[in-house]
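When the sequence shown is numbered by numbering that gives the first Met the number 0, its final residue is 181 and no position is left out of the sequence of numbers.
First comes the structure, then the notes that go with it.
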Amino acid sequence: MLQTFSVKGFFEAMAPLLHPPLTLAHRFVESEAGLAYYARRPDGLLWRSKELFDTPVYYLAFHGRPGAVRSLHDRIEADKLCAAFDGYGEGGYKNLVYFACCNVLRGKKGRAFARAFLKASGVRAVIGYTTTVDWMASLVCDMLFLHRFYSDPSPWKNLRKIFNSVSRDYPRARRLGHTLIT
């Protein structure tokens, strides 16, 4: 029996609590090719759907390692992640990519990946983890951040403040290595 865990139900439950309601586009990405098909500009599905192309937060939930993620079928290395999101933040779009993945921002390799990703993608920020995280504990961080981000009248102006409030109110976030890079 294949057992899967998904954040989808949690986000769907949170959606009506926000005003305007959180719009959720959930996509299972099984491979590097699948991520490129969905995210690569200008022909990726993300760019062809008016409901998706200007979303402020692109949330990626994978298994991770420093500078890479693991899909069902393969490892997606830093260069492929950068290529899939190349130009994502261009054209005046205000957005960030949230790597809900263990270790993706860990150490020199993780920090180098974050800098390269910011440069290639043009997004305003990258959020992720520097440790191996407990799924539920990290989900608490994610939900707190997303609720506060979407509830704030000026989330881009207050991004660092919103992020820091998660660590202040949920101290485990620091132990998980919950990290914001701008």
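The beta carbon of each residue, even a glycine, is placed where N, CA and C say it ideally should be.
As the structure is a prediction and not an experimental result, all values here were calculated from the model.
Chain D contact for Ala115 (CB, 8 Å cutoff): Any reference to chain D falls outside this structure, which holds one protein chain only.
Cβ pair count under 8 Å reaching 3, the stretch 69 to 79 against the stretch 26 to 46: As far as the Cβ criterion goes, the stretch 69 to 79 touches the stretch 26 to 46, which means the pair count is three or higher.
Gly127 - partner residues in DSSP beta bridges: For Gly127, which the question treats as bridged, DSSP gives the partners Thr178.
Start-to-end residues for the beta strand (DSSP E) that takes in Val6: Run containing Val6: none; DSSP gives neither H nor E here.
Same chain only: Cβ atoms within 6 Å of Phe112, ignoring 5 sequence neighbours per side: Annotation for Phe112: Gly66 and Ala77 place their beta carbon closer than 6 Å to its own, counting only its chain and skipping 5 residues before and after.
Test item: CB-CB of Thr178 and Gly127 under 8 Å: Result yes, Cβ atoms of Thr178 and Gly127 sit closer than 8 Å.
C-beta contact flag for Ile161 and Val125 at 8 Å: Not closer than 8 Å, so no.
Buried versus exposed, by CB contacts within 10 Å (16 or more), Ser183: Residue 183 lies beyond the stretch modelled for the chain, which goes from 0 to 181, so this question has no answer here.
Candidates Leu59, Ser5 and Gly121, of which the one nearest Tyr92 by Cα: Taking the Cα of Tyr92 as reference, the smallest distance to any Cα among Leu59, Ser5 and Gly121 is reached at Gly121.
Top-ranked residue by Cα proximity to Phe10, from Arg40, Val56, Ala38 and Ser48: Ranked by how close their Cα comes to the Cα of Phe10, the residues Arg40, Val56, Ala38 and Ser48 have Val56 in first place.
Gly109, DSSP secondary structure in three states: Residue state, collapsed to three classes: helix.
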